[in-house]
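Enquirer: In UniProt numbering, the protein residues as written are 1 to 464.
We treat Cβ as the ideally placed atom computed from N, Cα and C, and that holds for glycine.
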């Protein structure tokens, strides 16, 4: 074999290996017109049905992908310039900010599908140019939040919705005569009653059903707690990012002459103690296997009357419905650290971006027009149930499970953002350190983990 032929063979082998290393899923094929990539695996069947109907109407074939570890895969694909044509990436995540700044996302400001989407939703994630004009790089079609699911049937059956349990009067109940825990102090009273009833053989409940194997369902509560305790998102960022190196958890934050955190007798500050004590309380009142339980396990505990409250995202609703609960399942916000700061933490859920390298842009535009039409998106909403920004979708009475929190999306007093969107390292480490602490309940470990994370954030900020 000649040297030239050997070199050609070697080049082909190396090229194949590099292509495979970047990812076997990245190989383009001519048997579809649009590559559509979503993280919502629970909605995969619905998307496939919509894609099949779209092909019947237009002739365009859409390949729908929703693999495991979707966030990691999409990050690799976008950064290696082999992105899907249309893909879901949460605009509250660090990855989205990076993609947008690196020019990986198409400017979708002038797409005709935008007329089907509420402008207020589009403007939430707009990027202004030098002239102050809004540009869109994401199409937010639905919004989800992290909150508390609870078994309303059991709450009523055992009298856990009675105002007297919480030291309240009948006048403080809702129009149905019910009272839900509004503060973590209320939740403590509920825990005492649930636990005493279990010991007496009245119930078989733990207060919480947690999924430690899926910490993304829990860390929203952690991020919300900091913003509640430190009174605002802005002040929370001051605490984390402006504190001296190694001082998160031992920092006295003063804003406009008011101290928001004070050093306490155990050496930690009051904000750190409050947040860590509440996380410990949740762990102490969860099922025995919470550290290793999966989302499906926690949902099973909720619907089989083994757990009263399930902290999770509203995106879990399809999975809860698939389990066919016989009891009424409802939602309430995270309790307040004061009498009036109960909250949800939310962001766009089904938010779609278009690759700047999309090949068949005509097919991409056609699919986005089709998906965002009220008639088609109704099929999605009827299964997903999350708040939608697509115009014309009939939502009335469709998701009674979420009625307890729906109005809070637009209530600034009872709604906070995902604060990790302001942190360059993103949320993955926050998820891990949250569940690790809830398993060990060791404040020193939490203190060290938070400072390992934020010392890097501070260094990265100094380098820019």
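Measure the C-alpha to C-alpha separation of residue 125 and residue 337 and round it to an integer number of angstroms.
Expert: 29 Å
Enquirer: Buried or exposed: which applies to residue 465, given that a residue is buried once 16 or more other Cβ atoms fall within 10 Å of its Cβ?
Expert: An answer regarding residue 465 cannot be provided, because it is not within the stretch 1 to 464 covered by the chain.
Enquirer: Would you say residue 37 and residue 65 are within 7 Å of each other, going by their C-beta atoms?
Expert: yes
Enquirer: Nearest to residue 91 by alpha carbon, out of 423, 386, 399 and 347?
Expert: 347
Enquirer: Indicate whether the contact test is met: 3 or more Cβ pairs, each with one atom in the segment 239–255 and one in the segment 450–460, closer than 8 Å.
Expert: yes
Enquirer: Determine contact between the segment 221–239 and the segment 402–420, defined as no fewer than three beta-carbon pairs at a distance below 8 Å.
Expert: Yes: the two stretches touch, three or more of their Cβ pairs being nearer than 8 Å.
Enquirer: Which same chain residues, not among the five before or five after residue 224, have their C-beta less than 8 Å away from its C-beta?
Expert: 146, 334, 343, 344, 345 and 416
Enquirer: Give every residue of the same chain whose Cβ lies closer than 6 Å to the Cβ of residue 383, excluding the five residues on either side of it in the sequence, and list them in chain order.
Expert: For residue 383, where only same-chain residues beyond five positions count, the Cβ hits under 6 Å are 46 and 318.
Enquirer: To the nearest angstrom, how far is the alpha carbon of residue 394 from that of residue 349?
Expert: 19 Å
Enquirer: Please state whether DSSP places residue 466 in a helix, a strand or coil.
Expert: Lying before the first or after the last residue shown, residue 466 is absent from the chain, which here runs from 1 to 464.
Enquirer: Using only CA atoms, which one of 420, 120, 285 and 150 lies nearest to residue 309?
Expert: Among 420, 120, 285 and 150, the Cα nearest to that of residue 309 belongs to 150.
Enquirer: According to DSSP, is residue 347 part of a helix, a strand, or is it coil?
Expert: strand
Enquirer: Could you tell me how far apart the beta carbons of residue 177 and residue 356 are, in whole angstroms, since I believe they sit closer than 8 Å?
Expert: The pair is not a contact, with the Cβ atoms about 56 Å apart (cut-off 8 Å).
Enquirer: Which residues does DSSP pair with residue 335 in a beta bridge?
Expert: Beta bridge pairing from DSSP links residue 335 with no other residue.
Enquirer: When DSSP labels each residue in this structure, what does residue 260 get in the three-state scheme?
Expert: Reduced to three states, the DSSP call for residue 260 is coil.
Enquirer: Go to residue 149, then tell me how far its beta strand (DSSP E) extends in each direction, as first and last residue.
Expert: 142–151
Enquirer: Identify, in the order they occur along the chain, each residue of the same chain with its Cβ nearer than 6 Å to the Cβ of residue 460, setting aside the five sequence neighbours on each side.
Expert: 424
Enquirer: Which residues does DSSP pair with residue 64 in a beta bridge?
Expert: 36
Enquirer: Rounded to whole angstroms, what's the CA-CA distance from residue 289 to residue 330? Just pull it up for me.
Expert: The alpha-carbon separation between residue 289 and residue 330 amounts to approximately 24 Å.
Enquirer: Anyone know if the C-beta pair for residue 170 and residue 181 falls short of 7 Å?
Expert: When the beta-carbon positions are compared, residue 170 and residue 181 stay at least 7 Å from each other.
Enquirer: Given a cut-off of 7 Å on the beta-carbon distance, is the pair residue 136 and residue 122 in contact?
Expert: yes
Enquirer: Whole angstroms are fine: how far does the CA of residue 438 sit from the CA of residue 77?
Expert: 34 Å
Enquirer: Tell me, to the nearest whole angstrom, how far the beta carbon of residue 465 is from that of residue 253; I am working on the premise that it is less than 8 Å.
Expert: This structure does not reach residue 465, given that the chain is present from 1 up to 464, and the question cannot be answered.
Enquirer: Distance check for residue 353 and residue 87, CA to CA, integer angstroms please.
Expert: 5 Å
Enquirer: By how many angstroms is the C-alpha of residue 133 removed from the C-alpha of residue 100?
Expert: Answer to the nearest angstrom: the Cα atoms are 16 Å apart.
Enquirer: Buried or exposed, going by whether 16 or more other CB atoms sit within 10 Å of the CB of residue 172?
Expert: exposed
Enquirer: Does the beta-carbon of residue 23 have 16 or more other beta-carbons within 10 angstroms, so that it is buried, or is it exposed?
Expert: A caution first: residue 23 carries a pLDDT of 40, below 50, which makes its placement in the model too unreliable to give a value.
Enquirer: Out of 129, 128 and 141, which has the shortest C-alpha to C-alpha gap to residue 115?
Expert: 141
Enquirer: Classify residue 26 as helix, strand or coil using the three-state DSSP reduction.
Expert: Caution applies to residue 26, whose pLDDT of 42 falls short of 50 and renders its modelled position unreliable; the value that the coordinates give is listed next. Helix, per DSSP.
Enquirer: So residue 447 packs on residue 239, CB below 8 Å; how close in whole Å?
Expert: That pair is no contact at about 14 Å.
Enquirer: Do the CB positions of residue 202 and residue 311 come within less than 7 Å of each other?
Expert: Their beta carbons are not under 7 Å apart, which means residue 202 does not touch residue 311 by this criterion.
Enquirer: Buried or exposed: which applies to residue 322, given that a residue is buried once 16 or more other Cβ atoms fall within 10 Å of its Cβ?
Expert: exposed
Enquirer: Have a look at residue 117 and residue 51 and give me their C-alpha separation to the nearest angstrom.
Expert: Looking at the two C-alpha atoms, the distance is approximately 20 Å.
Enquirer: Ignore the nearest five residues each way along the sequence and tell me which others in residue 303's own chain have a CB closer than 6 Å to its CB.
Expert: Closer than 6 Å at the Cβ level, and outside the excluded window around residue 303, lie 323 and 325.
Enquirer: Determine the contact status of residue 242 and residue 422, defining contact as a CB-CB distance below 7 Å.
Expert: With a cutoff of 7 Å on beta-carbon distance, residue 242 and residue 422 are scored as not near each other.
Enquirer: If we require 3 or more residues per run, which beta strand (DSSP E) segments fall completely within the segment 86–124?
Expert: 86–88
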